[in-house]
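The structure under discussion appears below in the form of structure tokens.
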Amino acid sequence: MLTRAKNPQLWLATAVLAVAAVLGSQVALAQQKEKVLRAAMHADVRTVDPFWTTQTIAAIHGLMVYDTLFSSDINLEPKPQMVESWTVSPDRKVYTFKLRDGLKFHDGTAVTSKDVVASMNRWGKRDGAGKQLMGYTKSLTARDAKTFEWVLTEPFGLLIDILAKTGTSIPFVMREKEAMVDAFTQIQEVVGSGPFMFKRDEWVPGSKTVYVKFKDYVPRKEPASGHAGGKVVKVDRVEFIWLSDTQTAQSALVAGEIDYLENPAIDFLPILKSTAGIKLEAHKAMGTMGILQLNHLHPPFNNVKARQAMYYLINNADYLNTIAADEGLQTLCFSYFGCGVSMETDAGSEPYKGAKSVAKAEQLFKEAGYKGEPITILQATDHQYITPANLVMIQQLRKASFLKLDVQAMDWGSVVSRRAKKEAPAQGGWNIFITGTTVVTSSSPITHTSIGMGCDKAWFGWPCDKRFEDLRQEWAFAPDLATRKKLAVELSRRAYDQVPYISFAQWRNPVAFRSDRLSGVQTMPSVPPMWNIEKK
Amino acid sequence: MTAYIVRRLLATIPVMVVVALFVFLLLHLTPGDPAAVIAGDDASPAEVEGIRRKLGLDLAIWQQFLIYAGNLLRGDLGTSIFSNLPVLTLVKQRLEPSLVLAVSTLVIAIALAVPMGVLAAWKARSWIDRVVMGFSVLGFAVPVFLIGYLLIYVFAIELRWLPVQGYRPLAQGIEQTARSILLPAIALSMVYMALIARMTRASMLEVLSEDYIRTAHSKGVATVVVLLRHALKNAAIPIVTVIGIGLTLLISGVVITETVFNIPGLGRLTVDAILKRDYPIIQGLIILFAGAKVLVNLLIDISYVFFDPRIRY
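Chains as they are written, first to last, in the working numbering: chain A, 1 to 536; chain B, 537 to 849.
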């Protein structure tokens with residue numbers, strides 16, 4: 001009888017088979033191992049209701065979980081997403097939409113027109129552009145399970161553009177159950193029909209948010225392009241890891257502990273650029289625009305001449321060199337609607353583009369009746385770019401020795417609270433604070449909240465100009481892009497004349513990712529898509 | 537002893553009431569508006585007002601306090617304004633990393649600092665003493681975040697021995713937890729070590745000059761025995777006290793260390809809540825921290841009995 005004890009060859013064969021089996025099982029295990037995309041985003045997902053807040057992170061969360069009727073492609077052109085087809089009546093007042101087949105919520109139920117109608121109604125109560133759209137909405141009704149009709153009172157030309165918007169708040173489609181919740185109350189359940197499912201049981205606010213692939217999601221056939229096209233998920237799981245410390249975040253990317261860093265601190269970009277296996281990428285319309293907000297309710301900035309005078313003191317290049325030292329990231333932009341976008345125009349900025357002049361500024365302040373009253377500046381000391389921008393502004397204003405500055409240092413949380421006060425600066429109000437907005441938000445006069453001059457209804461600072469608001473309305477009803485561009489020029493001229501705020505710079509914030517592991521990464525302004533990314 | 541403990545525990549009630557009142561007033565009287573933070577930068581003033589109304593932040597302060605106090609009496613610490621999750625759930629999620637970090641720090645600090653202090657006292661004014669005291673000065677002077685970044689650079693980026701950030705729960709295995717907690721615990725223990733080493737040295741120097749130590753030496757008792765059994769035990773009360781006081785230091789240090797090493801603990805929960813003005817979380821955490829501090833003080837007082845039999849309660 002042939003036994004292993006007696007036959008060394010048999011022993012050898014058994015050993016080889018055992019090793020092969022172990023190796024094989026390890027390979028199989030590796031194949032079975034989940035593909036996890038670890039991403040550090042610019043903020044932590046603290047709120048799971050994307051309509052409840054205008055914070056961008058809520059929109060990023062929303063884009064993972066929910067789907068949209070329309071989406072913007074890589075060129076920021078609106079494309080259908082959940083919508084299969086649509087028709088517009090000749091008077092441009094009646095839009096009839098049909099949903100595409102196979103749309104399902106994460107609980108397995110089908111997406112219906114009723115869900116869409118309820119969702120749009122809820123979104124329209126909170127979002128700025130949504131409110132405008134709803135203001136021109138006569139009715140929004142579900143015709144059948146897959147068809148709904150949007151009837152307008154006027155031929156409002158931006159319906160599709162607004163439904164495809166990429167900035168907050170994006171009009172996501174929720175289940176009717178959640179969409180019926182009061183718009184000022186946060187929803188409890190997160191059940192969308194998007195490409196990822198939210199894992200509530202693994203959610204640790206302030207630390208980690210987990211999404212898993214929604215296996216029943218039916219992507220569009222078109223290739224992925226920005227937020228549009230086929231949302232094909234190529235990983236099993238996405239983890240948003242909140243790294244509040246920018247130094248630690250870049251170290252984690254360098255060490256390979258994370259794959260994707262949405263908003264690397266600009267100071268660390270040279271390190272990341274020179275690290276093998278890391279790539280930096282930015283969309284052409286990606287970026288931030290600085291806003292030096294003036295309070296139009298109180299002297300001296302209740303007088304237009306004092307506001308215009310500020311342009312003779314503020315030098316854009318100084319801000320850019322401080323906030324984004326890398327010249328490749330800077331854009332010396334004089335467009336209120338951002339540069340690199342279709343509405344870009346610097347009309348009206350001509351007087352302010354030249355050399356800065358303290359004397360000219362002083363003359364204008366005098367004409368405005370400035371008598372040396374303190375100018376209260378709310379100086380945020382804990383913000384990535386607002387803090388350095390404040391220092392630049394204070395330095396520039398101190399060169400104008402005729403101005404009496406009252407600089408009040410505080411954290412950003414206090415600034416956002418204090419800026420809402422309409423009282424005079426001496427009674428707890430303010431004159432100036434610095435903030436910013438995204439280029440994509442600014443690119444449309446309608447979504448650009450801080451440029452509005454609707455007096456009491458306007459953003460903090462409360463600029464007031466009927467002519468400008470009329471032009472904005474005209475822009476919203478413009479039938480085509482050419483007319484909108486023409487109106488943007490007029491809007492820009494009026495803005496530079498009235499100065500709702502001082503626009504001080506535009507800079508880009510690239511995303512950084514491990515190019516040695518990831519492929520298919522697409523950048524989009526404001527809200528990055530996390531589908532289509534493949535991990536080795 | 538039992539009566540003493542009960543008395544002390546009862547005395548914590550007014551302390552906690554004062555803490556609750558103080559924290560509430562402090563938060564509501566300082567500038568900052570959670571509704572504005574929630575609404576986001578692009579929200580209009582009307583939107584912010586809508587959220588404020590919904591959250592009850594438009595009510596008078598006394599009304600808000602009554603609601604808060606009523607919930608507190610029922611053991612309800614409230615619900616996070618942002619995540620809509622109960623504060624207790626958030627605390628439970630964060631308790632393990634903070635406890636593991638605190639205990640590891642304590643173990644490292646005591647295990648190293650007490651021998652260092654004993655050694656420095658024994659070899660007073662020698663080079664050993666100077667090295668230990670020099671280390672103590674550094675431990676006090678160098679900020680925790682700087683030590684953290686240096687450790688990350690050397691051990692995580694250059695040597696790749698340990699992870700840069702993150703916490704692995706005990707459920708994933710003790711080895712994984714130890715790897716994730718080692719660098720933060722070392723960084724955090726530096727200041728603590730400095731404090732304990734200095735106090736041990738000072739206390740030991742005083743005891744070592746006592747007559748009974750000289751007697752022990754003259755009787756031929758081994759140096760180690762003199763140092764550890766005769767001297768250290770008698771020098772222990774100030775050391776234990778300083779370890780207790782240092783717990784406050786640990787709480788503030790945890791805040792920074794958890795941020796640098798991205799440990800999802802109570803420290804980061806506190807900082808994030810303060811920055812976002814998430815009042816229920818801040819209030820809940822400060823009450824818990826205050827309770828922990830009162831309890832630690834009580835434990836330290838009780839421990840005196842074991843070190844000095846003359847003490848009776």
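For each residue, glycine too, the CB sits at the ideal point set by N, CA and C.
Can you tell me where the beta strand (DSSP E) with residue i in it begins and where it stops?
i, result
"Leu577 (chain B)", "Reading off the sequence, residue 577 (chain B) comes out as Asp, not Leu. From DSSP, Asp577 (chain B) is part of no beta strand (DSSP E); its letter is neither H nor E."
"Gln379 (chain A)", "375-380"
"Val88 (chain A)", "83-88"
Does chain A have any CB closer than 9 Å to the CB of residue i?
i, result
"Phe797 (chain B)", "yes"
"Lys812 (chain B)", "yes"
"Val841 (chain B)", "no"
"Tyr685 (chain B)", "yes"
"Val807 (chain B)", "yes"
"Ala692 (chain B)", "yes"
"Ile688 (chain B)", "yes"
"Ile587 (chain B)", "yes"
"Thr538 (chain B)", "no"
"Val554 (chain B)", "no"
Would you mind telling me which residues of chain B sit closer than 7 Å to residue i, beta carbon to beta carbon, in chain order?
i, result
"Trp459 (chain A)", "Ser580"
Could you name the residues of chain A that residue i contacts, counting a contact when the two beta carbons are closer than 9 Å?
i, result
"Glu583 (chain B)", "Thr54, Arg126, Gly128, Phe184"
"Asn770 (chain B)", "Neighbours of Asn770 (chain B) on chain A: none; closest Cβ ~44 Å, over 9 Å."
"Asp594 (chain B)", "Here the premise fails: no neighbours, minimum Cβ distance about 12 Å."
Return helix, strand or coil for residue i, following the three-state DSSP convention.
i, result
"Tyr352 (chain A)", "helix"
"Asp747 (chain B)", "helix"
"Cys455 (chain A)", "helix"
"Glu534 (chain A)", "strand"
"Glu239 (chain A)", "strand"
"Thr153 (chain A)", "coil"
"Val639 (chain B)", "helix"
"Tyr217 (chain A)", "coil"
"Pro800 (chain B)", "coil"
"Met669 (chain B)", "helix"
"Val190 (chain A)", "coil"
"Asp406 (chain A)", "strand"
"Gly290 (chain A)", "strand"
How is the alpha helix (DSSP H) around residue i delimited, first residue to last?
i, result
"Gly537 (chain A)", "This structure gives no information on residue 537 (chain A), because the portion of chain A shown stretches from 1 to 536."
"Val45 (chain A)", "Where Val45 (chain A) is concerned, there is no enclosing alpha helix (DSSP H), given that its DSSP letter is neither H nor E."
"Lys114 (chain A)", "113-124"
Should residue i be flagged as near chain B, meaning a C-beta pair shorter than 9 Å?
i, result
"Lys208 (chain A)", "yes"
"Leu29 (chain A)", "Legend: pLDDT at Leu29 (chain A) = 48, less than 50; position of this residue unreliable, no value from coordinates given."
"Gln363 (chain A)", "no"
"Met393 (chain A)", "no"
"Gly62 (chain A)", "no"
"Gln427 (chain A)", "no"
When you compare only the Cα positions, how much space is there between residue i and residue j?
i, j, result
"Leu332 (chain A)", "Ala265 (chain A)", "20 Å"
"Gly827 (chain B)", "Ala183 (chain A)", "38 Å"
"Ala656 (chain B)", "Arg666 (chain B)", "8 Å"
"Val45 (chain A)", "Lys93 (chain A)", "38 Å"
"Leu763 (chain B)", "Ala752 (chain B)", "10 Å"
"Ala767 (chain B)", "Tyr840 (chain B)", "16 Å"
"Thr387 (chain A)", "Arg804 (chain B)", "22 Å"
"Ala30 (chain A)", "Arg514 (chain A)", "Only weak support exists for where Ala30 (chain A) lies, its pLDDT of 46 falling under 50; the value from the coordinates is given anyway. In a straight line, the C-alpha of Ala30 (chain A) is about 20 Å away from that of Arg514 (chain A)."
"Gln293 (chain A)", "Asp569 (chain B)", "19 Å"
"Ile377 (chain A)", "Trp507 (chain A)", "23 Å"
"Ala599 (chain A)", "Phe70 (chain A)", "Residue 599 (chain A) is absent from the structure shown; chain A starts at 1 and stops at 536."
"Pro528 (chain A)", "Val235 (chain A)", "16 Å"
"Val639 (chain B)", "Ile278 (chain A)", "37 Å"
"Ala758 (chain B)", "Ile749 (chain B)", "11 Å"
"Gly256 (chain A)", "Asp594 (chain B)", "47 Å"
Identify the contact partners of residue i in chain B, using a Cβ-Cβ distance below 8 Å as the criterion.
i, result
"Asp245 (chain A)", "Thr795, Val796, Asn798"
"Ala420 (chain A)", "Asp569, Ala572, Pro581, Val584"
"Asp115 (chain A)", "Within 8 Å Cβ-Cβ: nothing; Asp115 (chain A) doesn't reach chain B, min ~22 Å."
"Val181 (chain A)", "By Cβ distance, chain B contributes nothing, its closest Cβ being about 12 Å from Val181 (chain A), past 8 Å."
"Gly135 (chain A)", "Chain B residues near Gly135 (chain A): none, gap ~14 Å exceeds 8 Å."
Applying a beta-carbon distance threshold of less than 9 Å, which residues of chain B neighbour residue i?
i, result
"Val204 (chain A)", "Leu626, Gln629, Arg630, Pro800"
Given that residue i touches chain A, what residues does it touch there, using C-beta distances under 7 Å?
i, result
"Gln701 (chain B)", "Leu243, Thr248, Ala252, Glu257"
For residue i, go through chain A and note every residue whose CB falls closer than 8 Å to its CB, in chain order.
i, result
"Arg804 (chain B)", "Gly206, Ser207, Ser244"
"Leu621 (chain B)", "Pro205"
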